[in-house]
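Visitor: Numbering (the working numbering), first residue to last: 592 to 845. Don't be surprised by glycine CBs; every beta carbon is placed ideally from N, CA and C. Keep in mind the model is a prediction, meaning the values are calculated, not measured. First, the structure itself, so that you have it in front of you.
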């Protein structure tokens, strides 16, 4: 187990804070932060949580810090199918259902698919996308260059998102590896005007479907499971794509 002083120093550097920055934000002395990082002082559970709040550390990392000092983990990891998660599941299903006829999905921290709405199941069925599959397997597959006509730009923004999510979580090898795999494909066209978003333009046979996405996460999270979940909703970026999505949702034929 990584000792707490090393974890504190590592997270402080990840958040690009000096000891003085952290001390100022946490309203403690820089000397105390220094003593915590060298192990000369031992933190209380409240201090661990207080500094974690200041650095906006994910709840699973806070548990790791607590255990490193011999304290009990403070935050639970509750399975999504647990009875305590009924309101959460209801909120997720409500969101996915009402987003139809447009596709929506729920991903965990390493982009494993947790939920799909019916529209997503129908649209992405030809790609073998289903609950339990890791979406990173698809986005790093060379077939994406054939499936998405503007793949260099989409790959670029996907790579940036992977790097950002990994950094925020303290480093996730799965996301870092996927970002590296996308790097050779990633390219932006800075010499031309772009719209407010860069939609992914899919080719399904003779059908062209252009979509952009939004990401929703739970706020005021105190459970590791929820801290990891992301609801991703896709919207058509033109009327032809919207009409196609409405038609396949109504027919159920992908």
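1) Spatial neighbours of residue 846 within its chain, please: C-beta separation below 8 Å, excluding the five flanking residues on both sides.
2) Is DSSP giving residue 795 helix, strand or coil here?
3) For residue 666, name the three-state secondary structure that DSSP assigns.
4) Could you name each continuous alpha helix (DSSP H) segment of 4 residues or more that falls completely within the region 717 to 778, going from the start of the chain to the end?
5) Name the two residues that bound the continuous alpha helix (DSSP H) containing residue 599.
6) Taking the alpha-carbon of residue 836 as reference, which of 692, 677, 698 has the nearest alpha-carbon?
7) Using CA coordinates, which residue listed in 813, 610, 819 is at the minimum distance from residue 667?
8) Can the beta-carbon of residue 802 be found closer than 8 Å to that of residue 777?
9) Assuming residue 816 and residue 671 form a contact by the criterion Cβ under 8 Å, report the distance between their Cβ atoms to the nearest whole angstrom.
10) Quick one: residues in its chain with C-beta nearer than 6 Å to the C-beta of residue 606, no 5 flanking neighbours on either side, listed in chain order?
11) What do you reckon, are the CB atoms on residue 821 and residue 839 nearer than 8 Å?
12) Less than 8 Å between the CB atoms is what I'm expecting for residue 733 and residue 710, so what's the real figure, rounded?
13) In whole angstroms, what separates the C-alpha of residue 741 from that of residue 796?
14) Here's the rule I'm using: 16 or more other beta-carbon atoms within 10 Å means buried, otherwise exposed. How should residue 828 be labelled?
15) Where do the ends of the alpha helix (DSSP H) carrying residue 639 lie?
16) Check the C-beta distance from residue 664 over to residue 658 and give it rounded, since I have them as a contact under 8 Å.
17) Under a Cβ-count criterion, where at least 16 other Cβ atoms within 10 Å of its own Cβ denotes burial, should residue 708 be classed as buried or exposed?
18) Checking 8 Å against the spacing of the C-beta atoms, do residue 683 and residue 697 come in under that value?
19) Where DSSP assigns a beta bridge to residue 825, which residues make up the other side?
20) Name the two residues that bound the continuous beta strand (DSSP E) containing residue 697.
21) Taking DSSP as the reference, what is the three-state secondary structure of residue 816?
22) Could you give the residue range of the alpha helix (DSSP H) that holds residue 549?
23) Taking residue 789 as part of the beta strand (DSSP E), name the residues at either end of that continuous run.
24) How would you write the range of the alpha helix (DSSP H) that residue 713 sits in, first residue to last?
25) What is the rounded straight-line gap between the Cα of residue 612 and the Cα of residue 786?
26) Within 10 angstroms of the Cβ of residue 604, are there 16 or more other Cβ atoms? Answer buried if so, exposed if not.
Guide: In short:
1) Outside the shown range of the chain (592 to 845) lies residue 846, about which nothing can therefore be said.
2) The sequence position of residue 795 within the chain shown is 204, counting from 1. Strand at residue 795.
3) Sequence index remark: in the chain shown, residue 666 carries index 75 (1-based). Coil.
4) 726 to 730, 735 to 738, 742 to 760, 764 to 773, all fully within the region 717 to 778.
5) Translated into the one-based positions of the chain shown, residue 599 becomes position 8. Taken as a continuous stretch (DSSP letters only), the alpha helix (DSSP H) holding residue 599 covers 595 to 605.
6) For the purposes of this step, residue 836 is taken as the residue at position 245 of the chain shown. The candidate whose alpha carbon is nearest that of residue 836 is 692.
7) The residue given as residue 667 occupies position 76 in the chain shown. With distances taken between Cα atoms, residue 667 lies closest to 813.
8) Locating residue 802 in the chain shown gives position 211, where the first residue counts as 1. Locating residue 777 in the chain shown gives position 186, where the first residue counts as 1. It is not a contact, given that the beta carbons lie outside the stated cut-off.
9) As a first step, residue 816 is located in the chain shown; it is residue number 225 there, counting from the start. As a first step, residue 671 is located in the chain shown; it is residue number 80 there, counting from the start. Rounded, the Cβ-Cβ distance is 6 Å, consistent with contact.
10) Here the question's residue 606 lines up with position 15 in the chain shown. For residue 606, the CB contacts under 6 Å within the same chain, skipping 5 residues up- and downstream, are 646 in chain order.
11) Against the chain shown, residue 821 aligns to sequence position 230. Against the chain shown, residue 839 aligns to sequence position 248. No; because the gap between Cβ atoms is not below 8 Å, this pair is not in contact.
12) On the chain shown, position 142 is the one that residue 733 refers to. On the chain shown, position 119 is the one that residue 710 refers to. Going by Cβ atoms, the distance from residue 733 to residue 710 rounds to 26 Å, so no, they are not a contact pair.
13) Residue 741 sits at position 150 when you count from the first residue of the chain shown. Residue 796 sits at position 205 when you count from the first residue of the chain shown. Those two C-alpha atoms are separated by around 16 Å.
14) As a first step, residue 828 is located in the chain shown; it is residue number 237 there, counting from the start. By the 10 Å Cβ count, residue 828 comes out buried.
15) Position 48 of the chain shown holds residue 639. Residue 639 -> alpha helix (DSSP H) spans 636 to 646.
16) Position 73 of the chain shown holds residue 664. Position 67 of the chain shown holds residue 658. The C-beta distance from residue 664 to residue 658 rounds to 6 Å, short enough to fall under 8 Å.
17) Along the chain shown, one-based indexing puts residue 708 at 117. So residue 708 counts as buried.
18) Here the question's residue 683 lines up with position 92 in the chain shown. Here the question's residue 697 lines up with position 106 in the chain shown. Cβ distance < 8 Å, so residue 683 and residue 697 count as in contact.
19) Along the chain shown, one-based indexing puts residue 825 at 234. DSSP output for residue 825 lists 804 as bridge partner(s).
20) On the chain shown, residue 697 is found 106 positions in, with the first residue counted as 1. Counting along the chain, residue 697 sits inside the beta strand (DSSP E) bounded by residues 695 to 698.
21) Residue 816 sits at position 225 when you count from the first residue of the chain shown. In this structure, DSSP gives residue 816 a helical state, which the three-state scheme calls helix.
22) Residue 549 is absent from the structure shown; the chain starts at 592 and stops at 845.
23) Within the chain shown, numbered from 1, the residue matching residue 789 stands at position 198. Where residue 789 is concerned, there is no enclosing beta strand (DSSP E), given that its DSSP letter is neither H nor E.
24) On the chain shown, residue 713 is found 122 positions in, with the first residue counted as 1. That run of the alpha helix (DSSP H) goes 709 to 715.
25) Residue mapping note: residue 612 aligns to position 21 of the chain shown, counting from 1. Residue mapping note: residue 786 aligns to position 195 of the chain shown, counting from 1. Approximately 38 Å between the Cα atoms of the pair.
26) Counted from its first residue, the chain shown places residue 604 at position 13. Classification of residue 604: exposed, given that the 10 Å Cβ count is below 16.
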